[in-house]
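What follows is a short report on a single structure.
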Amino acid sequence: MDYTAVIAFLVIYYIRPHEWVVGVALLRPVTLTVGLGLFGLVTREAGLKFKDLLKTPHDWLMLLHFLWIAYASPPFMSAVGAMYSLFVFYIMIVQSLTDFERIREFLSWWAGAIFAIAALAVASEFGFDPMGGNYLVHNTRLEGRLILNTSLFDNPNALGHSVVPLLGMLYLLLVWKKGAISFKGSLVTSSIPLYCIYLTQSKGSYISAFVTLITTINFRRPKIVQVLIVVGAMTFGVAGMKMLPRMSDLGRGPENREEGIQGRVLAWQFSLNCLENGNLLGYKQFIGHFYNMYGYAKASHSSYVQVGGELGYPGLCLFVSSLFLCLKTLLRAQTRSIEEERVRRVLFVLLFSYVTSGWMVDFAYRATFFMIVGAVAAFHRLYLVPPSSRPKTAPPPEENSPEEVVHVDFGGEVAEEDPTDPELEDANFKPIWNKFRLIDIPTFILLTYLTKRFWEYAMTKI
């Protein structure tokens, strides 16, 4: 029941039927799903023990993150009530994704949910519009920029950045180490999210998609191949990017910035002043404080800027350190099969796209952050015990028939299936790192400093 509830929450979070299907809201699907998930965790055979809640460095940082948000957002209990469900969902993910097969299925459902919102958004341009967003796209200040008319995706930037990771996920789930038939099918499948991102006319989404795809293709490739790909991307790729809608607005300099970019720079400067002066705005209070200062509402347009202004240096440090720990896990994990490596790479795509998009959209408190850290923490836990002690993973599906076994492999080095004796595997097993070290504290501080420096630099370039 716990795992089913996690999948249900994922689907509800993206599709949001309670916002556009009559009567669904009365069922309170999010509350119901979280309640069923917790009930499933408590009543399962293994139960839910307190010692299992804090088994990895990720868990400790998330706990500190929760406590700091509550402290920085008085009254304390009001802040706890506003955000507890996100941290409960983090616990549900970590506790439910207990083997590689579950993580792979979870990531597949995740890709399917993102594909669904992209398909629904594109379909609204062709007459299928159950959310009623097409009128808004073409008859308001959106000026033809695509949205999906739900609370999460009613902004072109939010929709575009939410769809970006799907491009890498589809490549890894459908193409990497798969047959040629999968490659052909993925071309058709990928056309929908690509078209969706294009129609949003979101400059940030274009940049995030470009950087994420190049990084995904380059992951663990030979150095010379990585260099060639990057050189090609920085020449032909950048030239192609400049031809996309609204991309000419970037890099004009302070005196020629368009109104939207000017507002974004002002928001970044306002948040930077709060950070440097130690003014804690509090959980989701950025827009209200900005309105009080300037007389109109403006979002932070960056996860890092939002956290820095609302939670100060400690909050920003905890935020970037959580992302760093996820990267550290994914880089250090010693995968033993193609399917384990596939899981690792999909998690890397989700993490990297979030880190990149985080500079352009304020997704700091969306469930996406907690899902990514939770899934990586669950992945991390599987490398704390020898292979023979892990829950058994279901065998991968059979490959294509003999006439379809032409492989399309863009992927670089990977561990093949390990045929060695299980006892020998355990004898050679070295668990992944799982403790904070003294070097970690200055590393976290340095990351926070570099984040602030890049923040200041970006303000002069956008």
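In numbering that gives the first Met the number 0, the protein residues as written are 0 to 461. Using N, Cα and C, we set each Cβ at its ideal position, and we do this for glycine too.
Cβ-Cβ separation between residue 99 and residue 348: approximately 17 Å, too far for a contact (criterion under 8 Å). Residue state for residue 451 is assigned as helix, using DSSP reduced to three classes.
For the 8 Å CB-CB criterion, residue 361 and residue 270 do not form a contact.
With a contact defined as Cβ atoms closer than 8 Å, residue 264 and residue 211 miss out at about 24 Å. Pairing residue 330 with residue 375 gives a Cβ-Cβ distance that is not under 8 Å. Annotated three-state conformation of residue 460 is helix, per DSSP.
For residue 177, the secondary structure class from DSSP, reduced to helix, strand or coil, is strand. Taking each of 90, 109, 140 and 146 in turn and checking the Cα distance to residue 122, the smallest one comes out for 146. Three or more beta-carbon pairs drawn from the region 192-206 and the region 121-139 are found closer than 8 Å, and the two stretches are therefore classed as touching. In the three-state reduction of the DSSP assignment, residue 36 falls in the helix class, which pools H, G and I.
DSSP, read as helix, strand or coil, puts residue 233 in helix. Taking residue 290 as the centre and dropping the five residues before and after it, the same chain places the C-beta of 296 closer than 6 Å to its C-beta, in chain order. When the alpha-carbon of residue 37 is set against those of 91, 44, 29 and 64, the nearest one is in 91.
Within the same chain, 376, 379, 380 and 433 come within 7 Å of residue 55 by CB-CB distance, once the 5 residues on both sides are set aside. Between the beta-carbon of residue 11 and that of residue 29 there is about 6 Å, and that keeps the pair under the 8 Å contact cut.
The beta carbons of residue 152 and residue 113 sit about 11 Å from each other, so the pair does not count as a contact at 8 Å. Annotation for residue 137: the continuous alpha helix (DSSP H) segment containing it runs 133-138.
Annotation: the region 313-391 contains the following complete segments of the alpha helix (DSSP H) (minimum length 4 residues), in chain order: 337-356 and 366-380.
Counted as a single uninterrupted DSSP element, the stretch harbouring residue 45 is not any alpha helix (DSSP H), since DSSP gives it neither H nor E. About 5 Å separates the Cβ atoms of residue 18 and residue 149, confirming a contact at the 8 Å cut-off. One alpha carbon belongs to residue 458, the other to residue 359, and they sit about 12 Å apart. Using a Cβ-Cβ distance cut-off of 8 Å, the region 69-84 and the region 18-27 are not in contact, since fewer than three pairs of beta carbons, one from each stretch, lie closer than that value.
Excluding five sequence positions before and after residue 62, none of the CB atoms of its chain fall closer than 6 Å to its own CB.
From the listed residues 157, 53, 237 and 332, the smallest Cα separation to residue 357 is found for 157. With fewer than 16 other Cβ atoms inside 10 Å of its own Cβ, residue 230 counts as exposed. With 16 or more other Cβ atoms from the protein chains shown falling within 10 Å of its own Cβ, residue 103 counts as buried. In this structure, residue 310 places its C-beta atom within 8 Å of the C-beta atom of residue 71. A residue is called buried once 16 or more other Cβ atoms fall within 10 Å of its Cβ, and residue 233, having fewer, is exposed.
Residue 373 is positioned such that its CB atom lies no closer than 8 Å to that of residue 13. Residue 133 sits buried, since 16 or more C-beta atoms from the chains shown fall within 10 Å of its C-beta. Residue 137 sits exposed, since fewer than 16 C-beta atoms from the chains shown fall within 10 Å of its C-beta. Here residue 448 is exposed: its Cβ has fewer than 16 other Cβ atoms, across all protein chains shown, within 10 Å. If you look at residue 53, you'll find it isn't in any alpha helix (DSSP H); DSSP assigns it neither H nor E.
Pairing residue 328 with residue 305, the inter-Cα distance amounts to about 26 Å. Our two residues, residue 174 and residue 225, have alpha carbons roughly 19 Å apart in a direct line.
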